[in-house]
Structure formats: structure tokens, C-alpha cells
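Colleague: Chains as they are written, first to last, in numbering that gives the first Met the number 0: chain A, 0 to 469; chain B, 0 to 546.
Each residue gets a CB set at the ideal place from its N, CA and C atoms; glycine is no exception.
Since the structure is predicted, the reported quantities are computational estimates derived from the model, not experimental observations.
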Amino acid sequence: MNTRKQEATLERLAARHGKRLFRAMARHESRGLTMDRAQDMAMNLMMKDEDLRYRMLRFVDVYPALRSQASIAEHLEEYLTAGELETGVPPTRLSDLARSIGRHRGITQPAIAMASRLGIKQMGNQFIAGNTPGEVARKVSKMEKRGFLFSLDLLGEFVVSESQADDYQRRYLEMIEDFEDELGPAPKQPAAGPRMNLSIKLSSQTSKFDPMDPEGTSRDVRRRLRPLFRAARKKGAFLNIDMEKREFRDLTLRIILDLLDEEEFRGFPHIGTVHQAYLRDAEEVLQGFLAELSKRNQPMTIRLVKGAYWDSEQIWARQKGWQVPVYTDKRETDACFERCAEILMKNHKVVRTAIASHNVRSIAWALALKKAYDVPDTALEFQMLFGMAGPIKETLRDMGHPVRIYTPCGELIPGMSYLVRRILENTSNESFLRQRFTKGASPMTLLANPKLPPRPEWAKPANMGKGAVK
Amino acid sequence: MNQENTKTLESPLSDFRNEPQTDFSLEVERSNFSNALKSVATHFPQDVSIIIDGREEMTSERIESLDPSDFRQIVASSAAATSDHVDKAVKAARKAYPEWRRTSPGERANIILRAAELMRERKHELSAIAVREAGKPWREADADVEEAIDFLEFYAREALRLGAPRRLQPWLLGEHNDLVYTPLGVVGVIGPWNFPVAIPTGMTTAALAAGNTVILKPAEQTPLVAWLVARIFHEAGLPDGVLNFLPGRGEVCGERLVRHPDVNMIVFTGSREVGLRIIRSAAETPEGQHFVKRVVTEMGGKNAIIVDSSADLDSAVPDILYSAFGFSGQKCSACSRLIVLEDLYKECLDRLREGAAALKIGRASEPSTQVGPVIDGEARDKILGYIELGRKEARTIHGGDVGGLASEGFFVAPHIFESNRGDHPLMREEIFGPVLTVIKAGNFSEALDIANDTPYALTGGVQSRTPSNLRRARQEFEVGNLYLNRTITGAIVGRQPFGGYRLSGIGSKAGGPDYLKQFMVSRVVSENMMRHGMASLVEGPPDNRED
Ligand SMILES: Cc1cc2nc3c(=O)[nH]c(=O)nc-3n(C[C@H](O)[C@H](O)[C@H](O)COP(=O)(O)OP(=O)(O)OC[C@H]3O[C@@H](n4cnc5c(N)ncnc54)[C@H](O)[C@@H]3O)c2cc1C
């Protein structure tokens, strides 16, 4: 379908948009990766080596469960000095520090505990907007004043009981019914659907989300979803169904269609879901889903992401002896993201597209598609995560595009898996943000077309080779 | 992971190499050996004590071990442990167990290697005692001590190999699966007299290397040399109570050891009758004994050599003579049945007869001796009984005479009989002396049938230059150790792991890769390393270890 000429035109457009974005970002870029210098330092430290990153993450993970200063200090010491965690690499850099913790227990323990508390709290604050809806409402109001849209995400424990699922449903319901009232009057915003926007995880709506039992799961989940959709219809709120691990994808899509096939929800306009481009069958599944939507004449917003469970998907697949379902070369994921974006935008009469990425190249490509396929302003928005990629958000907003910020709300303990995912992502060697803000890769490198083979080493200008995506 | 478990020796260990044999072609070695023989004799009779928890103890009752070449000479006067001593020793071993189990494989190996070093230093002294106490000719005694050193060196390395946790499927991400071996507890070692240094050392070392504590009961005939081994272990740094030494009578202290509810394992080398009794009693689980006793036994053989028509008699005959009469046929690997194919039968018998007649019988301490005495009067009488039977019921091919030696020591001359009945007692029963019975076979298949027609399966040999016969033997000759075109005794640690099946014993081969595992249990520890979807994506190093 796509001729070579069109492709070249798109590529030129994308390059132009990319350069423009980088130029505009320079104005906002005096800041680092995050908003905070100590944060940046901690993150930088973690990026230095895989073993240390892993040790620190495990400490962050256990931290909320530690009750005393002594146990915080002791755990830190153990995590930093344990002979072998996973990589078999003996700890070198931090073992001296850890040993000195051991030596000066009485004096150092409280200091270590305090430092850890501060550090982890700051990391939490960086990526989680607040513990309570009230706190979050204040942050969201500020975001709105600065011209951003939002989508709320409720952090919670993994649901294993029916009462937990009920509890989750109740919290979602309260958000739909009350949250908007806690915000001030709506500022003027680009047209992008309802002001209230909530992201929902279907696995939280039943105690047994089991792909082996699609009927039963669909029945249970829809029973809890109906009150949410009714409330959303009444209040004029938008509900997005987030995407979780690969095993849940097909069932998640099916439940959405099952619900929309129910008489009362047919044609419900304020619904969205997510599509993960890191899955090898992403394009096929996307085409199939779009066909289902056209058949029903069902409006929908599709948030295109790369996928947040990359590490886990690899591990699960290996443990079960399955083929790894995700791409293992970062450029393949990026390329698939671009192909999926093209599929979506070509179908802008069927779906609205939300480009959820912090990667300037991915965003530039979307802007090129918008122009090439004449996508109306109302059919495309950009989404980014709370606490990340400030300069990119601001640049897009300044250019007049709708920018929605995915805003997690909840306590640190139940929010830990979200926090861990964010830290993993931000400290991953493959991450765009890390390449840009920590390794200082050049715009030219970062804007390279992922659909082409990488430039051989000899063809790269000397100063560009450094820190380029491998 | 247990920090201690990963501790290794200061410098990496070299690969295992066998202890070289003493080169008796060198004047200096011969004179050293003679001197050792002289010097050990000055201590006779030597007192041999019980060692419990590092303390030596004598008893009023004594067991005397005699020089089989010269039964007027008392070599040792040994304590005779009672069942109370057994109880005390088990208690001491139990008490020492937790600490010894915690000691890293590296440290255990260190002590064992130090013992090997000490044994090397005292090699001739130990051999000399084996010459006098067990009636072993020089080369046999020398090989006995070398094998003991080999066991020490080999099992020390095995302890390190098996001591390190093994990561299974290291490519698996997010979960660690580690296979570890842990010791069993208290092990009773019951040793034989025929390899009075090597076998008790081997069984004890394996148990210790694996992290068990041990009670060693040596054979009544050879307590002195075993006592020296026990002392070497202590000198090497073995903590008190880890190895307890109990010389005594089998019916008294052996019996108690086998039945003791706090002994986890018995390792035994000796007769089939005793071995089977141990196996039976180990099946019992008296009140309060929360395990089934593990038993490893080595119980003898009725080993055959087949000579086919293509054999090279120039080499076959010496191989047969040595296999049958070396150390007076008192090795469990010794050849006691010879199966010869028709074509070569007569010629083979003639050459054997000549060869046997030329064997020099004498005191074990004489360097010229090829056939020494047998261990004691009881053994001599039993063997003579079989010889009597042979004279009556079979044809005598060769029957020597020991002459005046009969009044000095327990001497029995080599005998060769011809039988035409595969089911004759000479062809069936383990004689454990210098008696060889020959039978004729029509073809190779028949020869194999005769060879396999025995309740044992220990060693066997084929003398042949026909590849298809050698190939068949590999597949069909039912023995634990098959030797083609060579002697069938003298297995070497690491090179020819040794042990049989059927009624020859239960357990895996000594001096081989499976032996140490018998003294341990394997455990698997699986740890989920995923925390909130996070785990290192770095694979562990590949798992190269074979268990
Ligand atoms: C608003 C918003 C909502 C989101 N909702 C969801 C959701 O519902 N479900 C979900 O799964 N994710 C969701 N995500 C997360 C998203 O999937 C990405 O994890 C995140 O945005 C990082 O991608 P990027 O394009 O910003 O950065 P980039 O740095 O360009 O890409 C990083 C991503 O590339 C992929 N990757 C990393 N290494 C490799 C490799 N070696 N081989 C192949 N691929 C690799 C991974 O997917 C990784 O997250 C959301 C993100 C946003 C902004």
C-alpha cells in the first residue's frame, strides 16, 4: 500500500518535526531527567551497572515493609554486600559503604534509615502524584492550569479476593463521581473528550482474571464494570482500559467488545484502550480489533504504547518454555510502534489515536503521519507519564497539541510495582530518556529511522557513536 | 547462599593425579623399604587403642594380630571395644556432627589433603606394617598405601566439586534453582583386612569429605595399620569426635554399630554373609529412629577370565596367574574361574601349569616372594578344605607344596583344578585363596554363559584378539569391572572406579564420580527472584557440572 515515495516523504517530515521538537525542547531542557538533582544522582548511580541497579531496586522494593531504622540499615547493608544476587558479580563499589554501616551501627543506622526514607519518598513523589484523591486533585489542578489534560490511575494491590475487587470498584466509582468536583472550574483546553478521564485495570475487577476461562472472567469483570460505565455516562467521564501482561491482552479486548455488545453500552463514545507495540503480533491484532470496531461502528480512543512489562514478559516466557512474545531488539519495538501508529492514523475515521511515548522520534513520526493522513486535531492526542519528560510535554503543549498526563494516585506499598516499573524503565539502557538526558546522545542519533538497519560503526561521525543505541 | 560453602582452598587445586608406584628397581627405594620393615618391627607388639572424641583408651581384653608369614610374631595388641564403647563413640560422633557439617567443603578438603601429605611421608612405614600385619608382599602393600593416598586426593576434590551449589538451568530468569548436597549424619565404616590401608581410608575419607562424622571399625586381623590411619587423620587436623576409632570383634561392636539407632549409614567391605545381614538389619527402624539407614556394601565375587582361541598366551598366562594368585587370591577382584575355548585349551593349561609351578612362595617380607601367606589360620583351613574337595572331585592341574613354611605361617600353595561342572562348589563359592578352577567351553557364547552363571558380578576378563568377541563381552559379560586383555585386579582410583552388582554389593563405584554422593542427600532450593516484575535479565554462567 505504502509506496516508497510516500515513505520517503513521511521520513522527511518526521525528521523535520523531530528537529523542530529538539530545538523547542532546548528551552525547557535546563532540567535533567527528573525534576530533582538528588533523584538524578540516584538514578545515574543505578544506571552505572546492572548489578547495582538490581540491588538498589530490590532494596526499594522491600523498603515499605521495613519497620525500624535498624532493619532499614541492615537490609541496605545486606542488599549491597550479598555475595551474589543474580549476576554473580561480586559487589565492589558499595561494599565499603555497606561495611562502614556495619562498623558504626549505632551512629550510622539512623542516618542511613533517614537517607533511605528520603530517597525513596522522593522517588515515590517523583512518579506518584499523591496518596489521597485530595492531594492528587491539587496536583491535577496545577497541571490543568499549565495546559495539560489528565488520566487518573488508582494504584492498588494485586487483587486476589472478591472483597478487594469490590473495594477497587468502589474506589473507581468514587473517582468517577466525585473527583471532578474537587478540581476547580475547567480551564480552557484543546478539544479531547471529557475532562474527567480514568484509567482502569481489568485484573482489579475480579479475583480470578483467568485467560483460560474467558467466559467466566468476562462475566465477572462486566458485572463490576457496568456500574462504572453507567456512572461515567451520567457524569460524562472517559474510561480507559489499560493493558497489562501479554497473557491478559486477548481477554481484555474481548471483555471490552462483550461489554460494548450489551444493548445499554452500544456506541458508548468515551471509551479507550491500549495497544502494546512491543508484542510481535501487535500489527495483526490491531488490524483485527479495528475491524471489530468498524463492524460495530463503535467509537474508541486507542492509546499506543510500547509496553511496560518487557522484563517480566521475557522471564515468564523462559520459565514456561514459551516463545518470547516481545521484540528483543529495541529498534524492532520502535519500528512496530511506528507501523501501528500509521495503521491507527490511517483509520482516523474509526478511531482516535493517543500516542503515549516520551520518545521524540516516535512523537515526530506521529506528527508526520498526522500531516500525511490529514488527521484532524480532535483525532490525535499525546500522553505521557506523571513525573517524566517535562520538556517534551511542555514543547508539545506549546505547539498546541493535547497532552494528557497519566497520573497515578495511591500509597507507596500498593504502588510499588508501578514505581518499580518506572525505575526499571528510566534506568534501562535502552530507554530514550536515558539516552537523551543521561548519555547525551545527539538528536541525529535519536531521530534515526528505527525501520532501517542501524548505521554501521564506520559510517557514524566520531562524536555520534558515543552512547548511541546499540 | 551459605558463605562458608563457597570458601575454597587458598590456591586452586591441581587436577587429580594418581600417586606414583614406588620404583623398586632403584636401590635407594629397596633399601628404604627394607629399613622401614626393620624399623617397624622394633615396636612389635604395638598397643592399639580405641579413639573416642580424640581420647585414646585401652581395654583389659585384647585382640592380638599376628604376622601371617610368621605366626609367632605378635604385631599388635589391640583394645577390644565393647558395645558401651560403640554407644560412647556414636554419641561423640553425633556431638561433633553439627560443627563438621558446617565446616566448608574447602576446609574439609584441606584436612584430607594434609592427611594425604602425611601418608605420603610415611608411605613405606605404612606399607611395611601392611606387609607384617596383613601378609602382603612388597608391591601389594605399596599399592595399598598408594590407593589410600589416591582416595584422599580424589575425594577431597569430589567434596569441592559437589560442595559448591549447582545452579540448574541458569538461563532461566527470575528464579534460582540450586542443587546442593548435604551430609547424612553419623557413618559407621566397617573395613576389611585385605586392603587394610586403602579400603578403610577410602570409605572413611568419603564419609568425612561429604561432611559426616565417622566411627571406623577395622578388621580384627589388621587393627594396627588402621589405627595409624586414624592417627594420621587426627594429626592432619580433624577435630575431636569427627573420626572415632573402634577396634574390636565384629560380633560385638560391629553388630552394635550396625543396629545403633543414631547411625545413619553403614559402609561395609567384607563377606557376603555379613553384608547381607547388615542390609537386613538396616531395614529396621526402631522407635525414635527417623530415617532409613543407608547401606553400601562390597561383598566379593567369583570372577572369571575367558580365554578365546585368538588369545595371545604369552601375555594371557602371566595375567591369569597374577589375577588368580597375586596376594594369594585374597582380593575380591581375584580370578577364581578360568574359561578356556577348546582350540587353545590344552596349550593354555600346559603353560599355566608351568607358570604356577614357577611361582615363588615365601614370607611377605622377602622381596623375592610372589605368593605370600593367607591372612589367618581360619582362612588357611577353609582354603585347604576346598583344595581337599578339588583333589577328590576334580582333576588337579597343579598342586604346589609349601614345605617347611607350613610350620611358620599361614601358607597355602597355589592350586589349579579342572572341572567339567559349572555348578561345582569350586566354580560357585568364593574361596578367597590361591585356588583357580578351569573349565572348557565349546565356543565364545558358551564361555559367556558360564562366566555369567554366578550370583556375583564384580570383575571379569577376556583374553582375545577377536574384535567381535571383545565387543560382545562389553555388552554381555555381566560384571561391574570388565578387563580386556589384561589382569583383572588392581583397579586404580579415578581410572577404574571399582565395584560390582548382583550379590557383589550395593552402592556405586569407589574412586568414581558417584561414590561421594552416597554419603549425602541432595536438596534443591528454589528462590523466586522476581519482585514486582523485576529481576535481573543477566543469565548465570552455564552449568557445566556433571553430578
Ligand atoms: C500515558 C501512558 C500510558 C501507558 N499505559 C500503559 C499500559 O496500559 N500498558 C503498558 O504496558 N504500558 C503502558 N505505558 C508504558 C509504555 O508501555 C512504555 O513503557 C513507556 O512509555 C516507555 O516507552 P517510551 O516510548 O516512552 O520510551 P522508549 O525509551 O522509546 O522505549 C522504551 C520501551 O521500549 C521497549 N524496549 C526496551 N528494551 C527493549 C529491547 N531490548 N527490545 C525490544 N523492546 C524494548 C519497552 O517496551 C520499553 O518500555 C504507558 C505509557 C504512557 C506514557
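Which residues of chain B have a Cβ atom closer than 7 Å to the Cβ of A/GLN313, listed in chain order?
Modeller: Taking the first residue of the first sequence as position 1, residue 313 of chain A is located at position 314. Per Cβ cutoff of 7 Å: LEU172 and LEU536.
Colleague: If distances are taken between C-alpha atoms only, which option among A/GLY192, A/VAL158 and A/GLY123 comes closest to A/VAL402?
Modeller: As a first step, residue 402 of chain A must be located in the first sequence, where it is residue number 403. Comparing Cα-Cα distances from A/VAL402 to each of A/GLY192, A/VAL158 and A/GLY123, the minimum goes to A/GLY192.
Colleague: Quick check on B/MET529: does DSSP put it in helix, strand or coil?
Modeller: In the second sequence, residue 529 of chain B corresponds to position 530, counting from 1. It is coil, neither helix nor strand.
Colleague: Go through its chain and collect everything with a Cβ distance to B/HIS531's Cβ below 6 Å, but skip five positions before and after it.
Modeller: Here residue 531 of chain B is taken as the residue at index 532 of the second sequence, counted from 1. None.
Colleague: Taking the alpha-carbon positions, what's the A/ALA334 to A/LYS450 distance?
Modeller: Walking along the first sequence from the start, residue 334 of chain A turns up at place 335. Walking along the first sequence from the start, residue 450 of chain A turns up at place 451. If you take the alpha carbons of A/ALA334 and A/LYS450, they lie about 5 Å apart.
Colleague: Just checking: is the beta-carbon of A/ARG472 within a distance shorter than 8 Å of some beta-carbon in chain B?
Modeller: In the structure as shown, chain A begins at 0 and stops at 469. Residue 472 of chain A is therefore absent and cannot be evaluated.
Colleague: Would you list, in chain order, the members of the segment 507 to 536 of chain B that have their beta-carbon closer than 9 Å to a beta-carbon of chain A?
Modeller: Going along the segment 507 to 536 of chain B in chain order, one finds MET528, MET529, ARG530, HIS531, GLY532, MET533, ALA534, SER535 and LEU536 with a Cβ nearer than 9 Å to chain A.
Colleague: Count the C-beta pairs between the segment 302 to 310 of chain B and the segment 231 to 238 of chain B that are closer than 8 Å, then say yes if the count reaches three, no if not.
Modeller: No, the segment 302 to 310 of chain B is not in contact with the segment 231 to 238 of chain B.
Colleague: How far does the alpha helix (DSSP H) with B/GLY389 in it reach, from first residue to last?
Modeller: On the second sequence, residue 389 of chain B is found 390 positions in, with the first residue counted as 1. Unbroken alpha helix (DSSP H) run through B/GLY389: 376 to 392.
Colleague: When the Cα of A/ARG360 is compared with those of A/ARG221, A/GLU156, A/LEU446 and A/ALA190, which residue comes out closest?
Modeller: By one-based count along the first sequence, residue 360 of chain A stands at place 361. The shortest C-alpha separation from A/ARG360 is found at A/LEU446.
Colleague: Beta-carbon separation of B/GLY184 and B/ASN263 under 8 Å?
Modeller: Counting from one through the second sequence, the residue named residue 184 of chain B turns up at place 185. Counting from one through the second sequence, the residue named residue 263 of chain B turns up at place 264. Against a cut-off of 8 Å, the Cβ pair of B/ASN263 and B/GLY184 comes out as a contact.
Colleague: With which residues is B/ASP561 paired in a DSSP beta bridge?
Modeller: Nothing about residue 561 of chain B can be reported from this structure: the residues present for chain B run from 0 to 546 only.
Colleague: Could you check which residue in A/GLY146, A/GLU73 and A/GLY287 has the C-alpha nearest to that of A/LEU343?
Modeller: As a working note, residue 343 of chain A is residue 344 in the first sequence. If we check each option's Cα against that of A/LEU343, A/GLY287 comes out closest.
Colleague: Would you say the beta carbon of B/HIS289 is closer than 7 Å to some non-hydrogen atom of ligand 1?
Modeller: Within the second sequence, residue 289 of chain B is the residue found at index 290, counting from 1. No.
Colleague: Can you find a CB in chain B that lies within less than 8 Å of the CB of A/TYR405?
Modeller: Taking the first sequence and counting its residues from 1, the one referred to as residue 405 of chain A is at position 406. For A/TYR405, the answer is no, since every Cβ of chain B falls outside 8 Å of its Cβ.
Colleague: Under 8 Å Cβ-Cβ, which residues of chain B neighbour A/SER416?
Modeller: In the first sequence, counting from the first residue as 1, residue 416 of chain A sits at position 417. Those are HIS531 and GLY532, listed as they occur along chain B.
Colleague: Would you check whether ligand 1 has a heavy atom nearer than 7 Å to the C-beta of B/PHE150?
Modeller: As a working note, residue 150 of chain B is residue 151 in the second sequence. Incorrect: B/PHE150 has no Cβ contact closer than 7 Å to ligand 1.
Colleague: How would you label B/PRO466, buried or exposed, when you count the other beta carbons within 10 angstroms and need 16 or more for buried?
Modeller: In the second sequence, counting from the first residue as 1, residue 466 of chain B sits at position 467. It counts as exposed.
Colleague: Beta-carbon within less than 8 Å of B/ILE386's beta-carbon, same chain only, minus the 5 sequence neighbours each way: which residues are those?
Modeller: For the purposes of this step, residue 386 of chain B is taken as residue 387 along the second sequence, with counting starting at 1. Within the same chain, B/ILE386 has close Cβ partners GLY398, VAL411, HIS414 and VAL434.
Colleague: Of all Cβ atoms in chain B, is any one closer than 8 Å to the Cβ of A/VAL419?
Modeller: What you label residue 419 of chain A is simply residue 420 of the first sequence in a count that begins at 1. Judged by the 8 Å Cβ criterion, A/VAL419 is in contact with chain B.
Colleague: What is the rounded straight-line gap between the Cα of A/LYS18 and the Cα of A/ILE362?
Modeller: The residue given as residue 18 of chain A occupies position 19 in the first sequence. The residue given as residue 362 of chain A occupies position 363 in the first sequence. Near 11 Å, if we compare the C-alpha coordinates of A/ILE362 and A/LYS18.
Colleague: Per the DSSP calculation, A/SER198 is bridged to which residue(s)?
Modeller: Walking along the first sequence from the start, residue 198 of chain A turns up at place 199. Looking at the DSSP assignment, A/SER198 forms a beta bridge with A/ASP152 and A/ASN239.
Colleague: Looking only at C-alpha atoms, which of B/ASP239, B/GLY389 and B/LYS439 sits nearest to B/GLU98?
Modeller: The sequence position of residue 98 of chain B within the second sequence is 99, counting from 1. Ranking the options by Cα distance to B/GLU98, first place goes to B/ASP239.
Colleague: Locate the beta strand (DSSP E) running through A/TYR308, then write down its first and last residues.
Modeller: As a first step, residue 308 of chain A must be located in the first sequence, where it is residue number 309. Run containing A/TYR308: none; DSSP gives neither H nor E here.
Colleague: Take B/GLY371 as the anchor and find which of B/ALA114, B/ARG54 and B/ALA129 has the nearest alpha-carbon.
Modeller: As a position in the second sequence, residue 371 of chain B is number 372, starting the count at 1. B/GLY371 has its Cα closest to that of B/ALA129, out of B/ALA114, B/ARG54 and B/ALA129.
Colleague: Does the beta-carbon of A/ARG317, which I'm using as the reference point, lie nearer than 7 Å to any heavy atom of ligand 1?
Modeller: Reading the first sequence from its first residue, position 318 is the one you call residue 317 of chain A. No - ligand 1 has no heavy atom lying nearer than 7 Å to the Cβ of A/ARG317.
Colleague: Assuming B/PRO164 contacts B/ASP177 (C-beta within less than 8 Å), just tell me the rounded distance between them.
Modeller: Working through the second sequence from its first residue, we reach residue 164 of chain B at position 165. Working through the second sequence from its first residue, we reach residue 177 of chain B at position 178. Indeed they touch by this definition, with Cβ atoms about 4 Å apart.
Colleague: To which residues of the same chain is A/GLU243 closer than 8 Å at the C-beta, ignoring the five residues directly before and after it?
Modeller: By one-based count along the first sequence, residue 243 of chain A stands at place 244. LYS200, LEU201, SER202, THR251 and TYR308, listed in sequence order.
Colleague: Measuring from the CB of A/HIS16, is there a heavy atom of ligand 1 at a distance below 7 Å?
Modeller: Walking along the first sequence from the start, residue 16 of chain A turns up at place 17. It does not: the Cβ of A/HIS16 is nowhere closer than 7 Å to a heavy atom of ligand 1.
Colleague: Do you know whose CA, among B/TYR96, B/LEU171 and B/HIS259, lies nearest B/SER525's CA?
Modeller: Here the question's residue 525 of chain B lines up with position 526 in the second sequence. For the residues B/TYR96, B/LEU171 and B/HIS259, the minimum Cα distance to B/SER525 belongs to B/LEU171.
Colleague: What is the DSSP secondary structure of A/PRO63, reduced to helix, strand or coil?
Modeller: Taking the first residue of the first sequence as 1, we reach residue 63 of chain A at position 64. In the structure shown, A/PRO63 sits in a helix (DSSP, three-state: H, G or I).
Colleague: Classify A/HIS357 as buried or exposed, calling it buried when 16 or more other Cβ atoms lie within 10 Å of its own Cβ.
Modeller: As a first step, residue 357 of chain A is located in the first sequence; it is residue number 358 there, counting from the start. Buried, because 16 or more other Cβ atoms sit within 10 Å of the Cβ of A/HIS357.
Colleague: Report yes or no: is there a C-beta of chain B within less than 8 Å of the C-beta of A/LEU65?
Modeller: Your numbering for residue 65 of chain A matches position 66 in the first sequence. Judged by the 8 Å Cβ criterion, A/LEU65 is not in contact with chain B.
Colleague: Measuring alpha carbon to alpha carbon, tell me which of B/LEU65, B/PHE153 and B/ARG71 ends up nearest B/GLY134.
Modeller: Locating residue 134 of chain B in the second sequence gives position 135, counting from the first residue. That would be B/LEU65, whose Cα lies nearest to the Cα of B/GLY134.
Colleague: For A/HIS347, which residues of its own chain have a beta-carbon under 6 Å away from its beta-carbon, when the five flanking residues on both sides are left out?
Modeller: The residue labelled residue 347 of chain A in the question sits at position 348 within the first sequence. So the qualifying residues of the chain are VAL374 and ALA378.
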